[in-house]
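Just so you know, the sequences run in chain order A and B.
Under my numbering, the first sequence has 222 at position 216, and the numbering climbs by one with no breaks.
Under my numbering, the second sequence has 294 at position 288, and the numbering climbs by one with no breaks.
Each residue gets a CB set at the ideal place from its N, CA and C atoms; glycine is no exception.
One structure below.
There are 2 protein chains.
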Amino acid sequence: MDLIQRLKSDYPWIQTPLVVSAPMRLIALAELAVGVSGAGGIGFIGAGTDVSDLEKHFEHASDLLARSSSPPKSSSEVLPIGVGFINWGAQLDQAIGIIKKYKPAAVWFFAPSSKQSLKEWSERSREACPEAKIWVQVGSVREAHLALEIRPNVLVVQGTDAGGHGLAQGAGLISLLPEVNDAVQEKIEKEGCEAPIIIAAGGIVEGRSAAAALALGASGVVMGTRFLASKEANIAKGYQDEILRAADGGQSTVRTKVYDNLRGTTGWAESHNARGVINRSYTDNLAGMGEAENKRLYEEEIKKGDEGWGVEARMTTYAGTGIGLVKEVKGVKEIVEEVRKGVKSALNELKV
Amino acid sequence: MDLIQRLKSDYPWIQTPLVVSAPMRLIALAELAVGVSGAGGIGFIGAGTDVSDLEKHFEHASDLLARSSSPPKSSSEVLPIGVGFINWGAQLDQAIGIIKKYKPAAVWFFAPSSKQSLKEWSERSREACPEAKIWVQVGSVREAHLALEIRPNVLVVQGTDAGGHGLAQGAGLISLLPEVNDAVQEKIEKEGCEAPIIIAAGGIVEGRSAAAALALGASGVVMGTRFLASKEANIAKGYQDEILRAADGGQSTVRTKVYDNLRGTTGWAESHNARGVINRSYTDNLAGMGEAENKRLYEEEIKKGDEGWGVEARMTTYAGTGIGLVKEVKGVKEIVEEVRKGVKSALNELKV
Numbered sequence: 007m008d009l010i011q012r013l014k015s016d017y018p019w020i021q022t023p024l025v026v027s028a029p030m031r032l033i034a035l036a037e038l039a040v041g042v043s044g045a046g047g048i049g050f051i052g053a054g055t056d057v058s059d060l061e062k063h064f065e066h067a068s069d070l071l072a073r074s075s076s077p078p079k080s081s082s083e084v085l086p087i088g089v090g091f092i093n094w095g096a097q098l099d100q101a102i103g104i105i106k107k108y109k110p111a112a113v114w115f116f117a118p119s120s121k122q123s124l125k126e127w128s129e130r131s132r133e134a135c136p137e138a139k140i141w142v143q144v145g146s147v148r149e150a151h152l153a154l155e156i157r158p159n160v161l162v163v164q165g166t167d168a169g170g171h172g173l174a175q176g177a178g179l180i181s182l183l184p185e186v187n188d189a190v191q192e193k194i195e196k197e198g199c200e201a202p203i204i205i206a207a208g209g210i211v212e213g214r215s216a217a218a219a220l221a222l223g224a225s226g227v228v229m230g231t232r233f234l235a236s237k238e239a240n241i242a243k244g245y246q247d248e249i250l251r252a253a254d255g256g257q258s259t260v261r262t263k264v265y266d267n268l269r270g271t272t273g274w275a276e277s278h279n280a281r282g283v284i285n286r287s288y289t290d291n292l293a294g295m296g297e298a299e300n301k302r303l304y305e306e307e308i309k310k311g312d313e314g315w316g317v318e319a320r321m322t323t324y325a326g327t328g329i330g331l332v333k334e335v336k337g338v339k340e341i342v343e344e345v346r347k348g349v350k351s352a353l354n355e356l357k358v
Numbered sequence: 007m008d009l010i011q012r013l014k015s016d017y018p019w020i021q022t023p024l025v026v027s028a029p030m031r032l033i034a035l036a037e038l039a040v041g042v043s044g045a046g047g048i049g050f051i052g053a054g055t056d057v058s059d060l061e062k063h064f065e066h067a068s069d070l071l072a073r074s075s076s077p078p079k080s081s082s083e084v085l086p087i088g089v090g091f092i093n094w095g096a097q098l099d100q101a102i103g104i105i106k107k108y109k110p111a112a113v114w115f116f117a118p119s120s121k122q123s124l125k126e127w128s129e130r131s132r133e134a135c136p137e138a139k140i141w142v143q144v145g146s147v148r149e150a151h152l153a154l155e156i157r158p159n160v161l162v163v164q165g166t167d168a169g170g171h172g173l174a175q176g177a178g179l180i181s182l183l184p185e186v187n188d189a190v191q192e193k194i195e196k197e198g199c200e201a202p203i204i205i206a207a208g209g210i211v212e213g214r215s216a217a218a219a220l221a222l223g224a225s226g227v228v229m230g231t232r233f234l235a236s237k238e239a240n241i242a243k244g245y246q247d248e249i250l251r252a253a254d255g256g257q258s259t260v261r262t263k264v265y266d267n268l269r270g271t272t273g274w275a276e277s278h279n280a281r282g283v284i285n286r287s288y289t290d291n292l293a294g295m296g297e298a299e300n301k302r303l304y305e306e307e308i309k310k311g312d313e314g315w316g317v318e319a320r321m322t323t324y325a326g327t328g329i330g331l332v333k334e335v336k337g338v339k340e341i342v343e344e345v346r347k348g349v350k351s352a353l354n355e356l357k358v
């Protein structure tokens, strides 16, 4: 069975090229996830490091799916959406209870505290819901080797252009994806087991970048930043306006730990940081402002609401380098369809 | 005339998809440049910041071309190779004299000290040899806008995965190339002039990454790191062995100013640094070793010759994140042909 057939068998409602929405903590909730799956993609609820209100989001998603006139067709008993955990922070027992109860089609793991922890999450998840496919996000060949030990169904290969959290040190998809792919194929051939499906993330916001990811060897693409500017995202208007405004993404965004520190998100390993739009919090830090003062100003800024976002403001605006290509808020259905169509035209226009 | 036709008219000896060798200072000399053009690509001599022995390399190239049984077919009087300058350091009058005398088909500008300097270089180059096409390397949308003012024939868009020098802060090709392309098209339409041809650089080492760059909108690709492992590169065996050894390119390489500082290359602007393989010079700097001591150890290391390169050694190994996919030293003809073929198979295998 080739990879596209496998995808269609595992997630019967999808259309290809496959478009996936990233499990963005606080932002990717039921409406976004159900909307993306409804458009023939795979939508993820972002549970992140905190599963305390995850049940509420699954209830909401189940409700939206039940009320849909043409719900995405899922096999057996699974819910045609996924859920993403940041493993070092998420509460395992509680998460497993929810996986068992709601049976998401896919469970996405990212940044476990150890190899042992990843193993425990995957074993318990498979036990709780054998139908749920296990997705593991990696950012290097080394991480891919570690992930392979739990036999994931999908490897999400994240390039350093991605917004939000990822490896502090890394490569773009242009070199990372083929190198990971080769390493995976070599190991799989040696061990004689089934290869995971490889999905690309990091800097993909539209048809051209999605087409490039497929040419690099991916079987589908994940987008985060593009969905920040969707009607279904649970996002402040100030944040969303910044996504539309910022351009020249390699210059206007930066990977740093500054934003996490200000927000008090302290559980990330040294190996990880996050990409966000450069603002005063960052430039003041660079200019030598102490953390206490920067944090005080950040707390003040929160009170301004939507005015708190902007180059001269302080609210954190996690986003990837593709931000300059995101210029309009659209519904997720339109976004997903545009990308699928965009892939085809990018490849058709290609004269070799 | 479409872009591919324009390329074939400007450089009549090429085959598509177009493969270009980067003008790597000290490494890309006559043999590499002539070899790449002979294989249907465009080969560049890397003059870099010092043109004092450039005439010698052009003499050598002319000689190789004259002795070739099937020399690349160039139009009019131009030499079917290019030359690349690092403008802030290269001596203008001397460079112009050589351009006038040898008439390279392409002249590549990078990192001029000012807009005025770029203008002066391009005007004087066009005056000295109107047939030589002007290539300008950029790493951001902002730089692309500046470059457009001199109406370049080609924009080389360099992503942050590239080895050697480039913008310290940047994006990978996956988002940079489409954003630059859109900005260029918008400006060109407004001004009603001819758009430059866009060529991609940064992290491209083989067919899959080259195919991805074309899907992103490029009309050809530049490779540097891949040609470090070519028989025709003027490179120490220790350096070349490191290129073959290093893997997981996002983890084994880093962008830094440390290597330039140790080598005494002090003319680069604050905005630029270079990507190289992580070695003791870098890790010692990170661990707090002072520059004087690090430099002393570096000078000692030079005496070791080929043993001076390696993870536990100190010689600078500039390379891009694609390094993990470069595993064998080959002749440039084989490399260029493999990439052209690889592009086609990457696109053929692509099921959408």
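Partners in chain B for residue i, counting only beta-carbon separations shorter than 9 Å
i: A/Arg148; result: Asp254, Gln257
i: A/Gly209; result: Ala177, Gly178, Leu179, Ile180, Ser181, Leu182
Span separating the alpha-carbon of residue i from that of residue j
i: A/Ala138; j: B/Met30; result: 50 Å
i: A/Ala34; j: A/Ile341; result: 15 Å
i: A/Ala112; j: A/Gly88; result: 4 Å
i: A/Leu292; j: A/Leu222; result: 36 Å
i: B/Glu195; j: A/Pro86; result: 45 Å
i: B/Trp141; j: A/Ser119; result: 48 Å
i: A/Gly337; j: A/Ile180; result: 29 Å
i: A/Val25; j: A/Glu200; result: 23 Å
i: B/Glu276; j: B/Asn240; result: 29 Å
i: A/Leu220; j: B/Ser58; result: 45 Å
i: B/Asp8; j: A/Glu355; result: 11 Å
i: A/Ala189; j: B/Val317; result: 21 Å
i: A/Pro78; j: B/Glu192; result: 39 Å
i: B/Lys14; j: A/Arg320; result: 51 Å
i: B/Arg251; j: B/Gly273; result: 31 Å
Contacts that residue i makes with chain A (C-beta to C-beta distance below 9 Å)
i: B/Thr262; result: Those do not exist, as B/Thr262 stays about 11 Å from chain A at its closest Cβ, beyond 9 Å.
i: B/Ile10; result: Lys357, Val358
Where residue i meets chain A, residues with beta-carbon distance less than 8 Å
i: B/Thr323; result: Per Cβ cutoff of 8 Å: no residues; B/Thr323 is ~16 Å from chain A at best.
i: B/Val2; result: One cannot answer for residue 2 of chain B here, as it falls past the ends of chain B, which runs 7 to 358.
i: B/Leu353; result: Ala221, Leu353, Leu356, Val358
i: B/Leu184; result: Rather than Leu, the amino acid found at residue 184 of chain B in this sequence is Pro. By Cβ distance, chain A contributes Glu212, Arg214, Ser215, Leu331.
Whole-angstrom C-beta distance between residue j and residue i, which should lie under 8 Å
i: A/Leu331; j: A/Lys301; result: Not really, about 33 Å apart at Cβ, beyond 8 Å.
i: A/Ala182; j: B/Gly256; result: The displayed chain sequence assigns Leu, not Ala, to residue 182 of chain A. Yes, they are in contact, since the Cβ atoms of A/Leu182 and B/Gly256 sit about 6 Å apart, within 8 Å.
i: A/Ile105; j: A/Cys135; result: 5 Å
i: A/Ala207; j: A/Gln164; result: 4 Å
i: B/Ile178; j: A/Gly326; result: It is Gly, not Ile, that sits at residue 178 of chain B in the sequence shown. The pair is not a contact, with the Cβ atoms about 10 Å apart (cut-off 8 Å).
i: B/Gly230; j: B/Ala28; result: 4 Å
i: A/Ala217; j: A/Ala352; result: 4 Å
i: B/Leu98; j: B/Glu126; result: 7 Å
i: A/Lys339; j: A/Ala45; result: 4 Å
Interface residues of chain A facing residue i [CB-CB closer than 7 Å]
i: B/Asp167; result: Ala177, Gly178, Ile180, Ser181
Paired residues, beta bridge with residue i - DSSP
i: B/Trp114; result: B/Gly90, B/Trp141
i: B/Ile48; result: B/Val26
i: A/His171; result: A/Ala280
i: A/Tyr324; result: A/Gly282
i: B/Lys263; result: Per DSSP, none; premise fails for B/Lys263.
i: A/Val227; result: A/Val25, A/Ala206
i: A/Gln164; result: A/Ala207
i: B/Leu85; result: B/Pro110
i: B/Gly54; result: B/Phe91
i: B/Lys336; result: B/Ser236
Residue i CB to nearest heavy atom of the ligand NAD below 7 Å
i: B/Gly95; result: No copy of the ligand NAD appears in this structure; indeed no ligand is present at all.
Under 7 Å by beta carbon: chain B residues contacting residue i
i: A/Leu98; result: Here the premise fails: no neighbours, minimum Cβ distance about 28 Å.
Members of the region 14–32 of chain A that neighbour chain B once the beta carbon cut-off is set at 8 Å: Residues Thr22, Pro23.
Where the region 211–242 of chain A meets chain B: residues whose CB sits under 8 Å from a CB there: Hits within the stretch, in order: Val211, Glu212, Arg214, Ser215, Ala217, Ala218, Ala219, Leu220, Ala221, Leu222, Gly223.
Residues from the region 326–349 of chain B in contact with chain A, defined by Cβ distance under 9 Å: Taking a C-beta cut-off of 9 Å against chain A, the contacting residues of the region 326–349 of chain B are Gly326, Thr327, Gly328, Ile329, Gly330, Leu331, Arg346, Val349, listed in chain order.
Short-range partners of chain A found in the region 90–122 of chain B, where Cβ spacing is below 8 Å: For the region 90–122 of chain B, no residue has a beta-carbon sitting nearer than 8 Å to a beta-carbon of chain A.
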